[in-house]
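See below for the structure under consideration.
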Amino acid sequence: MVFENFQRLLLLICAFIFSFDVEVFSEIRLVDPLFILFLVISIKHWVKASFILVLVSVYLLALSFLHSVVSHDVGSLYRAGHFFKYLLIFIAFFFLYESRLRFKIALFEIKYAFLVAVLWIPLYHFLRIEGYIHGGYRPVSPFSTDYFASDAHLLACNLSIILFYFKAIYNGSDISRSVFVWLTIFAIFLTGSRTGIIGIFLVFMLNGNAKSILLGLCAIFVSLVFFLQLSDFVSSANLDESLIRVVDRFSKIDFSTDGSALGRIDKLNIALGEIQHYFYIIGVGVMGAGMTFYDGLVSILLVHGGFVWLVFVFGALLFFYVSLKEKEARNLLVIYISLNMITEYIFVNRSLIVFVIVMFYAIRGQKEGDDCNACR
Numbered sequence: 032m033v034f035e036n037f038q039r040l041l042l043l044i045c046a047f048i049f050s051f052d053v054e055v056f057s058e059i060r061l062v063d064p065l066f067i068l069f070l071v072i073s074i075k076h077w078v079k080a081s082f083i084l085v086l087v088s089v090y091l092l093a094l095s096f097l098h099s100v101v102s103h104d105v106g107s108l109y110r111a112g113h114f115f116k117y118l119l120i121f122i123a124f125f126f127l128y129e130s131r132l133r134f135k136i137a138l139f140e141i142k143y144a145f146l147v148a149v150l151w152i153p154l155y156h157f158l159r160i161e162g163y164i165h166g167g168y169r170p171v172s173p174f175s176t177d178y179f180a181s182d183a184h185l186l187a188c189n190l191s192i193i194l195f196y197f198k199a200i201y202n203g204s205d206i207s208r209s210v211f212v213w214l215t216i217f218a219i220f221l222t223g224s225r226t227g228i229i230g231i232f233l234v235f236m237l238n239g240n241a242k243s244i245l246l247g248l249c250a251i252f253v254s255l256v257f258f259l260q261l262s263d264f265v266s267s268a269n270l271d272e273s274l275i276r277v278v279d280r281f282s283k284i285d286f287s288t289d290g291s292a293l294g295r296i297d298k299l300n301i302a303l304g305e306i307q308h309y310f311y312i313i314g315v316g317v318m319g320a321g322m323t324f325y326d327g328l329v330s331i332l333l334v335h336g337g338f339v340w341l342v343f344v345f346g347a348l349l350f351f352y353v354s355l356k357e358k359e360a361r362n363l364l365v366i367y368i369s370l371n372m373i374t375e376y377i378f379v380n381r382s383l384i385v386f387v388i389v390m391f392y393a394i395r396g397q398k399e400g401d402d403c404n405a406c407r
């Protein structure tokens, strides 16, 4: 009972502070050590995970060695936090199979993440329009230190994971399911992120038959019509134009003039340029990279470890996918990886926490139905 209460307290603290954008040291935020402690103490059989632990440890040692040998620029110790981020996702995978987490605690985390995202995003727009906060037209996480640094992609990704939960896993009534689904879709559109549109489509496409895909397309169409009408209302009422800019943001598909898309392509070229001296096989190391972030999963893996590390990471993800027996869990992994291809958020706690808890529910829910029923 003492252990369970401590475990619950840790997750409650993580749930409360995971959106705080406050760094402790070297890209490590306040929630990071607490969440990894929660994962570690929740794993009951470390022996079964020892093989992958050895692989990860060997890679980290090899990366450090390669960095010291081939890198001409040690760079900044600030980037050492990436070692932690790479290790974190593998520990999270161990947790999913060897966890002592109870479903009531997991369900609380899902509901909390839903409430924070769905309530905060409209509230952010309201507070910005009324002048209570000064920030960009696209929302950021609560308690952020910079309201002009958009977290739209992160929020859209988390909301897509939550949408998948309500669409594919949630055990409540059809009415409550529909309410939660539409509220989540509404919040996704308010982020102004095109990633969210892809997330909506993937959730419906992977969750069943042609009828489900049609419903997903209808949901996107109805939401677009609603937001276009809302934009017209905002414009005619001479109110703040941030909502119009949000709609314009996710409705534009001309990537040839999109600064964000072009910037990601440029950074991929930069990453390839940094490792061409090593024939693209190995990278320049975490601390030898020219930049901290490359706005792309492929880019960051290439510059840190070359194609060797790229193949290793995607091979590990494929291994995890094949080992999953539950259809919902496999689909969720596909959605998470797909939505995070254009960023490095797959290794970021603020994205990983929601994914891990929903994935835990997808994997263990069918095996321990009695516990699930007790959580409803």
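Counting in this note's numbering, the sequence shown runs from 32 upward without gaps.
Glycine included, every Cβ here is placed at the ideal spot set by N, Cα and C.
Round the Cβ separation of Leu349 and Leu341 to the nearest angstrom and send it over; I've been treating them as touching at under 8 Å.
In fact, because the Cβ distance is near 12 Å, the residues do not count as touching under 8 Å.
I'd like the list of long-range same chain contacts for Ile48, defined as Cβ closer than 6 Å, with 5 residues on each side in sequence excluded.
Leu61 and Val62, listed in sequence order.
Could you tell me the boundaries of the alpha helix (DSSP H) in which Met390 lies?
Met390 -> alpha helix (DSSP H) spans Asn380 to Arg395.
CB Tyr376 to CB Ser369, shorter than 7 Å?
Not closer than 7 Å, so no.
For Trp151, which residues from the same chain have a beta carbon less than 6 Å from its beta carbon, with the 5 sequence-adjacent residues on both sides left out?
These residues qualify, in order along the chain: Pro173.
Leaving out five residues before and five after Leu233 in sequence, what residues of the same chain have Cβ atoms less than 7 Å from its Cβ?
Within the same chain, Leu233 has close Cβ partners Ile366 and Ser369.
Using three-state DSSP, classify Ile229 as helix, strand or coil.
Ile229: helix per DSSP, three-state reduction.
Look up Arg60 in the DSSP assignment and give the residues it is bridged to.
Arg60 is bridged to Glu54.
Could you tell me which of Phe115, Ile200, Thr222 and Phe324 sits nearest to Gly294, measuring between CA atoms?
Nearest option by C-alpha distance: Phe324.
Helix, strand or coil: how does DSSP classify Ile74 here?
Ile74: strand per DSSP, three-state reduction.
Do the CB positions of Ile193 and Thr215 come within less than 7 Å of each other?
Yes, they are a contact pair.
State the Cα-Cα distance for the pair Ala46 and Ile313, rounded to the nearest angstrom.
Spanning the two alpha carbons is a distance of roughly 37 Å.
Smallest Cα separation from Phe386: which of Gly321, Leu186, Val344 and Ile72?
Comparing Cα positions, the closest option is Leu186.
Work out the CA separation of Lys135 and Phe37 for me, nearest whole Å.
Approximately 14 Å, taken between the alpha carbons.
Using CA atoms only, rank isn't needed, just tell me which of Leu68, Ile67, Ala347 and Ile331 is closest to Gly316.
When only C-alpha atoms are compared, the closest one is Ile331.
Identify which residue in Cys188, Gly227 and Met390 has its Cα closest to the Cα of Leu363.
Measuring from the Cα of Leu363, the nearest candidate turns out to be Met390.
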